[in-house]
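1 is the number of the first residue of the sequence shown in this note's numbering; add one for each residue after it.
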Amino acid sequence: MTFQFLSKFGMFLGAMSFLITLIACQPAPPVNPTPIRESTESKAVALARQTLQDYYAFLQAGEFEQAAELLLPLTGFDRRALAEAARQASLNGWRIEAVQFKEEFIFDPERVIFRVSVQQQGAQPETYEMYQVVHLLDGKSWISSGVLGEYTLTTSPVTHQRVSLVPLTLHHGVDYYQIWLLAQNDSAGSVRWSNLEPCAILTVENEQINAECTDSAMVIEAGTQATLVMRFPLPEGTYPRRALPTILKVNGFSSDSFQDEWSYQFSLKYAAADS
């Protein structure tokens, strides 16, 4: 489920390398970055590779706190909760059997992308692929699960039928964009958010990208808030991208109090420090 309330275990799935996942991820290699050549490899790239090797070595050794310390702090991030989730999974029989670095790409001087194949036991699928990004910041290196950057959104809220929606944060991923929004229902009744496609549309460089939609509608009760997480996967062979989204449209809101469905549209604005 893509739109969801974040749980500690859900965060573990994302930040701890999707180690326990339900669907295999085998993305196409990036097309824009420059492949790394061994003869010209810099010390920074060597540091990035060593950091990622250390990360998986910690996971294989059961040293989950040390592994979590290498992760880049992002929205919803809690190193202690991630380490505990990994520990509980290991007690239930999960472990990493093998890790293979398939490809390496330089995105820019501060970010190196790795395509990694992981073989695991105690969870399905047994083997899967994913992107890892190593960020080189102020002489240190940090790992994110495919996240090139996190951006604070300063977009103003939009209110309709006393239901407000405001974008909060955007993750610029290697092969996706992901947006966190806050919904506030100040109406007298419950509000439903439909799962019919397209439930949300993101515009990037004049291209429209549809969100992955939930299996069922979300209900926001009167007088409550809900955090929505929308993920927009990029078509294979078109990533990674450097551009940030400019327009977000969220469709399919309805209520028993109103006859017609309504939608929200935002011109996305980013904090000055992020832009």
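No residue lacks a Cβ here, since even glycine has one placed at the ideal position from N, Cα and C.
Because the structure is a prediction, the values reported are computed rather than measured.
{"Query": "Jot down the residue ranges of each uninterrupted beta strand (DSSP E) in the region 74 to 134, minimum 3 residues, whole runs only, in chain order.", "Result": "95 to 108 and 111 to 121"}
{"Query": "Give me the DSSP bridge partner(s) of alanine 200.", "Result": "Val250"}
{"Query": "Relative to the C-alpha of glutamine 208, which residue among Leu248, Leu228, Leu196 and Met218 is closest?", "Result": "Leu248"}
{"Query": "What does the Cβ neighbour count give for aspartate 256, buried or exposed, with the cut at 16 atoms within 10 Å?", "Result": "exposed"}
{"Query": "Count the other CB atoms, across all protein chains shown, that sit within 10 Å of the CB of glycine 93; report buried if there are 16 or more and exposed otherwise.", "Result": "exposed"}
{"Query": "Taking contact to mean 3 or more Cβ pairs, one atom from each stretch, closer than 8 Å, check whether the region 69 to 80 and the region 97 to 110 are in contact.", "Result": "no"}
{"Query": "Starting from threonine 159 and walking both ways along the beta strand (DSSP E), at which residues does that stretch end?", "Result": "158 to 160"}
{"Query": "So, is valine 219 buried or exposed, given that buried needs 16 or more other C-beta atoms within 10 angstroms?", "Result": "exposed"}
{"Query": "Output the distance between the C-alpha atoms of arginine 241 and valine 147, rounded to the nearest integer angstrom.", "Result": "12 Å"}
{"Query": "For asparagine 185, count neighbouring C-beta atoms within 10 Å of its own C-beta (all shown protein chains included) and say buried if the count is 16 or more, exposed if not.", "Result": "buried"}
{"Query": "Check whether the region 137 to 152 touches the region 168 to 185, counting contact only when three or more Cβ pairs, one atom from each stretch, lie closer than 8 Å.", "Result": "yes"}
{"Query": "In this structure, how does DSSP classify alanine 28 when only helix, strand and coil are distinguished?", "Result": "Per-residue confidence for alanine 28 stands at a pLDDT of 36, beneath the threshold of 50, marking its modelled position as unreliable; the derived number appears in the next sentence. Looking at alanine 28 - three-state DSSP - the assignment turns out to be coil, as it is neither helix nor strand."}
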